[in-house]
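> Dumping the structure here so I can ask a few things about it.
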DNA sequence: GAAACCGTATTATAGTATTAATACGGTTGA
DNA sequence: TCAACCGTATTAATACTATAATACGGTTTC
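Chains as they are written, first to last, in this note's numbering: chain A, 106 to 239; chain B, 106 to 239.
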């Protein structure tokens with residue numbers, strides 16, 4: 106599993122990990138019930154403290170994106186979103202509003218955003234999976 | 106100027122102010138060269154410390170969204186984004202990717218996101234300006 | 001010019017968030 | 001069983017956030 110973290114990102118490391126694992130799951134680059142790297146393994150790979158990875162995994166578990174088998178490891182969940190449609194829409198609207206304000210600030214038109222959104226969506230779907238390498 | 110801050114938001118107060126002023130500028134609810142409330146005034150209104158407001162204004166100035174006339178006040182900039190198109194696109198793509206991952210996590214299709222995006226954009230444009238009240 | 005206002009700078013203090021170092025108990029598999 | 005591995009809990013160091021109280025220099029307005 107390839108992750109990249111930056112100490113000058115502004116956001117905490119554990120949040121960067123959470124976001125990137127979310128990406129991987131959303132893009133289906135990791136499959137349900139697939140095991141994530143052990144906290145120590147990922148920590149060594151990223152040159153950070155195992156606790157930081159553990160915290161990220163804990164947050165992901167709270168979100169329902171991963172589950173843990175005590176003493177065994179951390180695995181990708183196969184459950185969909187446990188939130189109601191109303192709740193999910195509310196969250197998404199918040200993100201959309203923030204995005205629109207940001208885009209408008211940068212002098213982008215709605216059409217530009219829509220086009221770029223389509224482009225990124227296509228890219229996200231087209232990305233190769235972890236297992237399908239030569 | 107109406108702002109709302111929440112101490113249990115998770116995000117720092119000064120960042121909440123920054124984001125909301127960005128919204129107001131993006132939605133053209135405040136006009137270029139319009140004066141923002143003095144730090145002491147806004148601080149009293151929000152029941153927070155003037156220093157916190159001052160920090161928010163400083164961040165907004167760094168972003169180029171507002172400018173200050175020493176001893177006079179803080180004003181909305183009229184300059185567009187000083188960033189290159191390439192840079193602005195790079196930033197927007199980052200936000201779009203995060204949004205798409207989030208949306209997919211919540212079991213939304215691209216079409217849902219696009220539709221909701223249009224809806225929120227219309228809403229943002231339709232919002233009344235500060236000055237045009239009864 | 002003087003009072004009233006503007007943002008800024010300073011210092012001190014407290015609470016919280018983040019990361020690190022380390023020890024712990026449970027599971028796995030030969 | 002037991003070594004090797006899993007996530008966890010505890011503690012500590014550090015940085016960030018926010019507050020408070022004050023003082024400063026510049027601008028505006030009368």
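Cβ atoms here follow ideal geometry from the backbone N, Cα and C, with glycine treated the same way.
Look at the alpha carbon of residue 237(B) and the alpha carbon of residue 132(B), and state the distance between them as a whole number of angstroms.
Any answer about residue 237(B) is weak, because its pLDDT of 40 lies below 50 and its placement is not dependable; what the coordinates show is given next. Taking the straight line joining both Cα atoms gives about 14 Å.
> Label residue 146(A) either buried or exposed according to how many other C-beta atoms from any shown protein chain fall within 10 Å of its C-beta, with 16 as the threshold for buried.
Exposed.
> For residue 181(A), report the span of its beta strand (DSSP E) as first-last.
Per DSSP, residue 181(A) belongs to the beta strand (DSSP E) from 178-181.
> Which residues of the stretch 176-206 of chain A have a Cβ closer than 8 Å to any Cβ of chain B? Give them in chain order.
Result list: 185, 186, 188, 193, 194, 196, 197, 198, 200, 201, 202, 203, 204, 205, 206.
> Residues in the same chain with beta-carbon distance under 7 Å from residue 130(A), minus the five sequence neighbours each way, listed in chain order, please.
Hits under 7 Å: 170, 181.
> Distance check for residue 120(A) and residue 114(A), CA to CA, integer angstroms please.
Straight-line Cα distance between these residues: approximately 11 Å.
> Assuming contact is defined by CB atoms lying nearer than 8 Å, are residue 168(B) and residue 142(B) in contact in what I supplied?
Cβ atoms of residue 168(B) and residue 142(B): not closer than 8 Å.
> In chain order, what residues of the same chain lie with their CB nearer than 6 Å to the CB of residue 235(A), ignoring the 5 residues before and after it?
Since pLDDT at residue 235(A) reaches only 45, below the 50 mark, its modelled position is unreliable, and the value read off the structure follows with that caveat. Hits under 6 Å: 134.
> Is it true that the CB of residue 225(A) sits closer than 8 Å to the CB of residue 190(B)?
It is not a contact, given that the beta carbons lie outside the stated cut-off.
> I'd like the span of the beta strand (DSSP E) that includes residue 174(A), first residue to last.
Run containing residue 174(A): 171-174, per the beta strand (DSSP E) assignment.
> With 8 Å as the threshold, decide whether the Cβ of residue 210(B) is near any Cβ in chain A.
Output row for residue 210(B): interface = yes.
> Rounded to the nearest angstrom, how far is the Cβ of residue 246(B) from that of residue 211(A), given a contact under 8 Å?
Past the boundaries of the shown model lies residue 246(B); chain B is included only from 106 to 239, so the question cannot be answered.
> Considering only the alpha carbon of each residue, which of 187(A), 164(A), 188(A) lies closest to residue 179(A)?
Residue 164(A) is the option with its Cα nearest to residue 179(A).
> Put residue 214(B) into one of helix, strand or coil per three-state DSSP.
It is coil, neither helix nor strand.
> Among the candidates 150(A), 155(A), 183(A), 151(A), whose CA atom is the shortest distance from the CA of residue 166(A)?
Comparing Cα positions, the closest option is 183(A).
> Using a beta-carbon distance cut-off of less than 9 Å, what residues from the stretch 149-173 of chain A approach chain B?
If the cut-off is 9 Å between Cβ atoms, the stretch 149-173 of chain A has 168, 170 near chain B.
> Does the beta carbon of residue 225(A) come closer than 8 Å to any beta carbon on chain B?
Yes, because at least one Cβ of chain B sits closer than 8 Å to the Cβ of residue 225(A).
> Are the Cβ atoms of residue 144(A) and residue 123(A) separated by less than 8 Å?
No, the Cβ-Cβ distance between residue 144(A) and residue 123(A) is not below 8 Å.
> Spell out the partners DSSP gives residue 207(B) in its beta bridges.
The partner list for residue 207(B) (beta bridge, DSSP) is empty, contrary to what the question assumes.
> Is residue 231(B) buried or exposed, if buried means 16 or more other CB atoms sit within 10 Å of its CB?
Answer is exposed; the Cβ neighbour count stays below 16.
> Using only alpha-carbon positions, find the residue among 109(A), 116(A), 127(A), 172(A) that is nearest to residue 209(B).
Of the candidates 109(A), 116(A), 127(A), 172(A), the one whose C-alpha sits nearest the C-alpha of residue 209(B) is 127(A).
> Quick check on residue 161(B): buried or exposed, where buried means 16 or more other Cβ atoms within 10 Å of its Cβ?
Label assigned to residue 161(B): buried.
> Take residue 239(A) and list the residues in its own chain whose beta-carbon comes closer than 6 Å to its own, dropping the five residues that flank it on each side.
Confidence in residue 239(A) is poor, its pLDDT being 30 and thus under 50, which makes the residue's placement too unreliable to answer from.
> Can you list, in chain order, the residues of its chain whose CB lies under 7 Å from that of residue 187(A), leaving out five sequence neighbours each side?
169.
> Name the one or two DSSP bridge partners that residue 164(A) has.
Residue 164(A) pairs with nothing; no bridge assigned.
> Could you tell me which of 203(B), 228(B), 222(B), 153(B) sits nearest to residue 228(A), measuring between CA atoms?
Comparing Cα-Cα distances from residue 228(A) to each of 203(B), 228(B), 222(B), 153(B), the minimum goes to 203(B).
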